[in-house]
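These notes concern the structure reproduced below.
Residue numbers (my numbering): 9 to 240.
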């Protein structure tokens with residue numbers, strides 16, 4: 009014990025940290041002590057990278073720790089810029105994995121929404137990584153609209169009331185609904201719409217539908233398209 013008192017204790021050397029991340033720069037310069045006071049949590053969730061932040065705080069309490077911001081868009085061939093590029097290359101794979109995780113947690117939204125979700129939990133992600141995560145998401149690829157192979161046609165608009173109708177047939181609908189199959193029609197002149205429901209898929213082929221039209225004095229003329237599905 010006496011020998012320990014007589015020997016000078018050497019503190020760690022002065023360290024310099026260079027980063028192009030505004031969140032990391034502000035975290036080390038201003039937010040670190042606030043995170044410690046809140047138990048390393050943000051909005052009730054554990055702060056990402058808590059172990060690393062705690063190590064940096066412990067180091068700063070023993071030795072000077074300088075933090076410098078590096079402009080990511082600079083083209084200057086300085087040591088700081090080269091070190092920053094090397095750090096980005098090492099972290100690129102992990103950043104993409106984090107972007108995929110926050111993209112799923114954010115509800116498969118856009119790139120900026122993914123970036124905002126990550127920032128709320130203390131993680132700063134580049135917008136390019138969020139765009140890459142969304143582009144490679146299998147769920148989003150299934151939900152994305154499929155472009156038409158041919159130009160979409162236009163619905164003919166009638167010259168008078170109740171002359172031409174655009175009709176559709178939908179179903180089956182949920183069992184708890186009143187009807188499981190619905191026939192819809194829209195007047196292309198006025199936009200008037202009506203629907204007729206049934207409990208069986210073949211109710212449109214029954215005589216009830218033509219009688220419904222004839223009761224209003226309309227003539228029913230059906231034109232089948234070129235698709236095989238419309239000829240059944």
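Backbone N, C-alpha and C fix where the C-beta goes; we use that ideal spot for every residue, glycine too.
{"query": "Are at least three pairs of beta-carbons, each pair with one atom in the stretch 132-149 and one in the stretch 164-174, less than 8 Å apart?", "result": "no"}
{"query": "Are the Cβ atoms of residue 103 and residue 134 separated by less than 8 Å?", "result": "yes"}
{"query": "Do residue 138 and residue 111 have their CB atoms nearer than 8 Å?", "result": "yes"}
{"query": "Do you know how far the Cα of residue 90 is from the Cα of residue 39?", "result": "27 Å"}
{"query": "Use the C-beta contact count for residue 123: other C-beta atoms within 10 angstroms, 16 or more gives buried, fewer gives exposed.", "result": "buried"}
{"query": "Just tell me which of 33, 87, 163, 42 has its CA closest to the CA of residue 76.", "result": "33"}
{"query": "So the candidates are 174, 205, 129; which of them puts its Cα closest to the Cα of residue 162?", "result": "174"}
{"query": "Pick helix, strand or coil for residue 62, following the three-state DSSP scheme.", "result": "helix"}
{"query": "If you reduce the DSSP assignment to three classes, tell me which class residue 113 lands in.", "result": "helix"}
{"query": "Between residue 85 and chain D, is there a C-beta pair that is closer than 8 Å?", "result": "Chain labels in this structure do not include chain D; a single protein chain is all it has."}
{"query": "Who are the near neighbours of residue 65 in its chain, counting only those whose CB is closer than 7 Å to its CB and skipping five residues on each side?", "result": "40, 44"}
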